[in-house]
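Here our numbering is used: the first residue of the sequence shown is 885, the next is one more, and so on. Structure, as structure tokens:
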Amino acid sequence: MPKVIAAFAKSLARAAGFTIETDGTVRSGETIVHRCSIETGDHIDAKEFYTLLEWITRRQPRRLTLVEAYAGTLQVDDLGILGLALKTAPTLHASLKRLERYHRLLTDTAVYRLEEGTGRSRLVLEQTTPDDASTALRSECALGGVARKTACFAQQALELTAVTFRHHCVGDPQDYEAFFGCPVSFGCDEDAIVFPDQTLKLPNRLGDAAVSDFLTQHLDRELDALLPENPIRADALRRLSTALSTGVPQAAELAAEMGMSERTFFRRLADEGTSFRDLVREAQASLARDLLAHSDCSIAEVAFLTGFAEQSTFGRAFKRWVGQAPAQFRMSRSEKPRTMRSAVMAGTAQRLAGRANTLAGPAV
């Protein structure tokens, strides 16, 4: 059953002028106005959290007022060890990488994903539960809280390029732009904050790599206790699949992206009975099969997208994996409709256009 750390519920209640006691009683002054159940471990059931959000929304129809108050009410220290790790990370980039990795300790209803690009990067918020009446408020509070808190512990003024939301605006868009200090768009594909790359390099006022690393060791132990079997393997495969179009990443790069040392990365893979080489091969084979069966990419493009510099090398490797040449594999699945997979192709179109002439071999 999805859960949310009670600190989020308590901060939102305070933002709306209420208080939540340890037993889940919601008060307005001395009057009991609502009840919710806070479980052992200081978490609240996600459905109860959403019900609370809807109840608060009905009493404060101007959503941005709640978002602004919540962003000011929520304290980083309310997040326990994770809050300390965020503040003591050396740079804003390190803070956001910790948020990406350890946010699941706070809730399993949403995840963050840091996408680094050229010139600007995005912190994407993905809801892992179905949308409901509280989704828009949750997204605005989450991104508003991140923007406000990171600005508090960054050593210099925090500059945002843009903020995007999937839902439609129910207030004045200019008010949102005044709050975030940047253009805000609604009805977009993702809930995200866009940062200039140089902003991610800003040092944190309390940055201390040794302290932060010490805290992340504790967070790793907590995370290991929560994650299902083979968590590192699944996470690494997902990251590899999106990174292969720029070449096979080094193990050290992937380990750093996942918030651990290369040595720890190798050890944890070994504990799960696999290796980095095995993961790369599995990610390449899976992505290649998917692209050949369900996309209109040429075989040369599939080779590029799966991390191969030459089509011939890809062809030999693919035949070892599945026992068929790429063209034979595609023909055997030609009866199935092929469409461009947005999840795979997003972000690769420009790279393909820029390197189309360098792909080895003829298009098929």
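All residues carry an ideal CB built from backbone N, CA and C; glycine is no exception.
For secondary structure counted as the alpha helix (DSSP H) over 4 or more consecutive residues, the segment 1067–1117 holds these complete runs in sequence order: 1081–1084 and 1093–1110. Ranking C1181, F1064, Q1168 and T915 by CA distance to the CA of G956 puts F1064 first. Using a Cβ-Cβ distance cut-off of 8 Å, the segment 962–980 and the segment 1097–1113 are in contact, since at least three pairs of beta carbons, one from each stretch, lie closer than that value. If you check the CB distance, K971 and L1090 come in under 7 Å. The alpha-carbon of H987 is positioned some 10 Å away from that of L1107. When the beta-carbon positions are compared, A1120 and L1163 come within less than 7 Å of each other.
For secondary structure counted as the beta strand (DSSP E) over 3 or more consecutive residues, the segment 1128–1186 holds no complete run. In the displayed model, R1006 falls within a strand according to three-state DSSP. Residue burial annotation: V1054 is exposed, with fewer than 16 other C-beta atoms found within 10 angstroms of its C-beta.
Per DSSP, E999 is one residue of the beta strand (DSSP E) stretching across A994 to E1000. For the pair R1151 and K1033, the Cα-to-Cα distance works out to about 34 Å. V1047 is bridged by DSSP to V1068 and I1077. If only uninterrupted alpha helix (DSSP H) runs of at least 4 residues are considered, those enclosed by the segment 890–964 are 890–899, 930–943 and 947–957. When C-alpha distances from T1012 are compared across A930, V951, L937 and L1084, the shortest belongs to A930.
Taking C-beta atoms as the reference points, Y954 and C1025 count as a pair closer than 7 Å.
Contact between the segment 1076–1087 and the segment 1046–1060 is present: 3 or more CB-CB pairs across the two stretches fall below 8 Å.
The alpha-carbon separation between A1127 and A1020 amounts to approximately 30 Å.
Excluding five sequence positions before and after T941, the CB atoms of its chain that fall closer than 8 Å to its own CB belong to R947, L950, A1017, S1018 and L1021, given in chain order. Exposure of Q959 is indicated by the presence of fewer than 16 other C-beta atoms within 10 angstroms of its C-beta. Rounded to whole angstroms, the separation of the alpha carbons of W1205 and L1042 is 48 Å. Around the beta carbon of P1080, fewer than 16 other beta carbons sit within 10 angstroms, so the residue counts as exposed.
A distance below 7 Å between beta-carbons, with the five flanking residues on each side excluded, links S1145 to the following residues of its chain, in chain order: A1139.
In the DSSP assignment, E1194 falls outside any alpha helix (DSSP H), carrying neither H nor E.
Take R1006, set aside five residues on each side of it, and the residues of its chain with a beta-carbon closer than 6 Å to its own are E999, A1076 and V1078, in chain order.
Straight-line measurement puts the Cα of D1155 at about 39 Å from the Cα of K894. Beta-bridge partners assigned by DSSP to Q1208: none are found. Here R1161 has no same chain residue with a Cβ atom under 6 Å from its own Cβ, once five neighbours each way along the sequence are excluded. Looking at S1096, F1213 and D1059, the one whose alpha-carbon comes closest to that of A1169 is F1213.
Between the C-alpha atoms of F1070 and R985 there is a straight-line separation of about 27 Å. The alpha carbon of A1135 has as its nearest neighbour, out of S1129, R1122 and S1159, the alpha carbon of S1159. Burial of V1186 is indicated by the presence of at least 16 other C-beta atoms within 10 angstroms of its C-beta. By a beta-carbon distance limit of 8 Å, E905 contacts R911. Their separation comes to about 7 Å.
Under the criterion of beta carbons closer than 8 Å, I889 and T993 do not qualify as touching, at roughly 10 Å. Counting every other CB atom within 10 Å of its CB across the protein chains shown gives I916 a total below 16, marking it as exposed. In the three-state reduction of the DSSP assignment, T972 falls in the helix class.
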